[in-house]
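Data first, discussion second: the structure below is written as structure tokens.
Residue numbers (the working numbering): 13 to 146.
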């Protein structure tokens, strides 16, 4: 296990490959089978920099293909998870010129919270329009 505390001025995205390389050079046991990092790792520059180093990361929701999948992935692609209230779909993708396996996870409670928030926004818009009308 390794921990590196950033200085707050570094962008996580900019230092990930450097941190992983430093860790690999200092680690005296067998090389780790996989590196796990948050979504800041997931940039084209970082993935190219990692080369063949195995990694797991959350895909950034700002990536166009991820946005499209979140909106349009058919329900029949999802299977039940071992965790109650979650379903998972496996999708093949290529990003930064690298074939990847993405897991799209749906949370029933998150979906309900999102729908509740949407209902609230719709109600607010209706109220504003009624006030304008009169």
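Cβ atoms here follow ideal geometry from the backbone N, Cα and C, with glycine treated the same way.
- Task: Give the DSSP-derived three-state secondary structure of residue 68 in the structure shown.
- Result: Residue mapping note: residue 68 aligns to position 56 of the chain shown, counting from 1. Residue state, collapsed to three classes: strand.
- With a Cβ-Cβ cutoff of 9 Å, do residue 39 and residue 53 count as a contact? Your numbering for residue 39 matches position 27 in the chain shown. Your numbering for residue 53 matches position 41 in the chain shown. No.
- Is it true that the CB of residue 71 sits closer than 9 Å to the CB of residue 99? Here residue 99 refers to the residue found at position 87 when the chain shown is read from its first residue. Here residue 71 refers to the residue found at position 59 when the chain shown is read from its first residue. No, they are not a contact pair.
- Message: Taking only three categories from DSSP, how would you classify residue 49?
- Response: One-based indexing of the chain shown puts residue 49 at position 37. Reduced to three states, the DSSP call for residue 49 is strand.
- Message: Which of the three DSSP states is assigned to residue 121 in this structure?
- Response: Walking along the chain shown from the start, residue 121 turns up at place 109. Residue 121 falls in the helix class under three-state DSSP.
- Which of helix, strand or coil does DSSP assign to residue 87? Counting from 1 along the chain shown, the entry for residue 87 is found at position 75. Reduced to three states, the DSSP call for residue 87 is helix.
- Message: On the criterion of 16 or more Cβ atoms from any shown chain inside 10 Å, does residue 95 qualify as buried, or is it exposed?
- Response: As a first step, residue 95 is located in the chain shown; it is residue number 83 there, counting from the start. Looking at its Cβ environment, which holds fewer than 16 other Cβ atoms inside 10 Å, residue 95 is exposed.
- Query: Going by the CB atoms, is the gap between residue 101 and residue 89 shorter than 9 Å?
  - Reply: In the chain shown, counting from the first residue as 1, residue 89 sits at position 77. In the chain shown, counting from the first residue as 1, residue 101 sits at position 89. Yes; because the gap between Cβ atoms is below 9 Å, this pair is in contact.
- Query: Can you tell which of 92, 69, 103 has the C-alpha that lies nearest to the C-alpha of residue 84?
  - Reply: The sequence position of residue 84 within the chain shown is 72, counting from 1. Comparing Cα-Cα distances from residue 84 to each of 92, 69, 103, the minimum goes to 103.
- Please name the residue, chosen from 86, 108, 91, 119, that lies closest to residue 97 on a Cα-to-Cα basis. For the purposes of this step, residue 97 is identified with residue 85 of the chain shown, where counting begins at 1. Per the Cα distances, 119.
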